[in-house]
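K.L.:
Sharing a structure here in structure tokens format.
In structure tokens, the structure reads:
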């Protein structure tokens, strides 16, 4: 997005006049900052699916599969508290009969979705592969992030405000004016994107292979309104 600078002449009572100052012009400028950081944490999401003629059996098989994964975590030197259950479903399967969805007798499915935090991002593929070999039905994806992303986001915001202020000051100088005070600063939601694509593999019992973490881009965008004199 191209930077935007708008100069608005106060024809009525401007904001600056409300606090006793004289009529002034307003300048609206946008600022943006992009910070690139290598991710320092990965989250591996996997799904376990068990089918049986009895809901209790389906759930039992699913629980046993999850126990096998917990045991494999110890072998791969990943702490147990790195595993988090994010989804749990037990339901009867349905089939299409005469254009209607009807329950299929004796077919129950238990699904558990887990997320594993990997503090060493270089091992994300290794951990994902170990979990698949331990019994995961599918790898849903690998997500990379920053452990202290809030600090990086605040730095990006600070730099975007500096950028907006510099643009506003330059616009004011071009009109033979100077910045009097900042009237308002509005922030757009920060976003994080992978600058270099991540290699993801969806599997059904197959080897995962290498997973490239790429580079995270933290973007901040603000709109600054200032009065000039």
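In the working numbering, the protein residues as written are -3 to 225.
Every residue, glycine too, gets a C-beta built ideally from N, C-alpha and C.
Just so we're clear, the structure is a prediction, and the values are computed from it rather than from any experiment.
What are the boundary residues of the beta strand (DSSP E) that residue 219 is part of?
P.N.:
In the chain shown, the residue the question calls residue 219 occupies position 223. 212 to 224 is the span of the beta strand (DSSP E), which, as asked, contains residue 219.
K.L.:
Taking the Cβ atom as the reference point for each residue, do residue 208 and residue 134 lie within a distance shorter than 9 Å?
P.N.:
Taking the first residue of the chain shown as 1, we reach residue 208 at position 212. Taking the first residue of the chain shown as 1, we reach residue 134 at position 138. Result no, Cβ atoms of residue 208 and residue 134 do not sit closer than 9 Å.
K.L.:
Check whether the segment 128 to 142 touches the segment 24 to 44, taking contact to mean three or more Cβ pairs, one atom from each stretch, closer than 8 Å.
P.N.:
yes
K.L.:
Report the three-state DSSP secondary structure of residue 131 (helix, strand or coil).
P.N.:
Within the chain shown, the letter at position 135 stands for residue 131. Residue 131: coil per DSSP, three-state reduction.
K.L.:
For a test of the three-state rule: what should DSSP assign to residue 51, helix, strand or coil?
P.N.:
Walking along the chain shown from the start, residue 51 turns up at place 55. It is helical.
K.L.:
Out of curiosity, what's the CA-to-CA distance linking residue 5 and residue 165?
P.N.:
The residue labelled residue 5 in the question sits at position 9 within the chain shown. The residue labelled residue 165 in the question sits at position 169 within the chain shown. Low confidence applies here, because residue 5 scores a pLDDT of 35, under 50, leaving its location unreliable and the question unanswered by this model.
K.L.:
The alpha helix (DSSP H) spanning residue 91 covers which residue range?
P.N.:
As a first step, residue 91 is located in the chain shown; it is residue number 95 there, counting from the start. For residue 91, no alpha helix (DSSP H) encloses it; the enclosing beta strand (DSSP E) starts and ends at 79 to 93.
K.L.:
Can you give the Cα-Cα distance for residue 36 and residue 156, rounded to whole angstroms?
P.N.:
Here residue 36 corresponds to residue number 40 of the chain shown, with the count starting at 1. Here residue 156 corresponds to residue number 160 of the chain shown, with the count starting at 1. C-alpha separation (whole angstroms): 24 Å.
K.L.:
Relative to the C-alpha of residue 31, which candidate in 218, 211, 224 has its C-alpha closest?
P.N.:
Sequence index remark: in the chain shown, residue 31 carries index 35 (1-based). Nearest of 218, 211, 224 to residue 31, Cα basis: 211.
K.L.:
Below 8 Å on the Cβ atoms is my contact criterion, and I expect residue 226 with residue 88 to pass it. Report the Cβ-Cβ distance as a whole number of Å.
P.N.:
The question about residue 226 has no answer, for the chain in this structure spans -3 to 225.
K.L.:
With three or more C-beta pairs closer than 8 Å as the rule, is the segment 53 to 70 touching the segment 99 to 119?
P.N.:
yes
K.L.:
When the Cα of residue 153 is compared with those of 184, 178, 71, 174, which residue comes out closest?
P.N.:
Locating residue 153 in the chain shown gives position 157, where the first residue counts as 1. Taking only the C-alpha atoms, the option nearest residue 153 is 184.
K.L.:
Using only CA atoms, which one of 151, 100, 218, 86 lies nearest to residue 53?
P.N.:
Counting from 1 along the chain shown, the entry for residue 53 is found at position 57. Of the listed residues, the one whose Cα sits closest to residue 53 is 86.
K.L.:
Could you compute how far the alpha carbon of residue 147 sits from the alpha carbon of residue 213?
P.N.:
Within the chain shown, the letter at position 151 stands for residue 147. Within the chain shown, the letter at position 217 stands for residue 213. Rounded to the nearest angstrom, the two C-alpha atoms are 14 Å apart.
K.L.:
Spatial neighbours of residue 46 within its chain, please: CB distance less than 6 Å, with the 5 preceding and 5 following residues excluded, ordered by chain position.
P.N.:
Here residue 46 refers to the residue found at position 50 of the chain shown. Closer than 6 Å at Cβ, skipping near neighbours: 54, 57, 58, 106.
K.L.:
In three-state DSSP terms, what is residue 141?
P.N.:
As a first step, residue 141 must be located in the chain shown, where it is residue number 145. Strand, per DSSP.
K.L.:
Got a sec, what are the start and stop residues for the beta strand (DSSP E) residue 174 sits in?
P.N.:
The residue you call residue 174 lines up with position 178 of the chain shown. That residue, residue 174, is in no beta strand (DSSP E); it is neither H nor E in DSSP.
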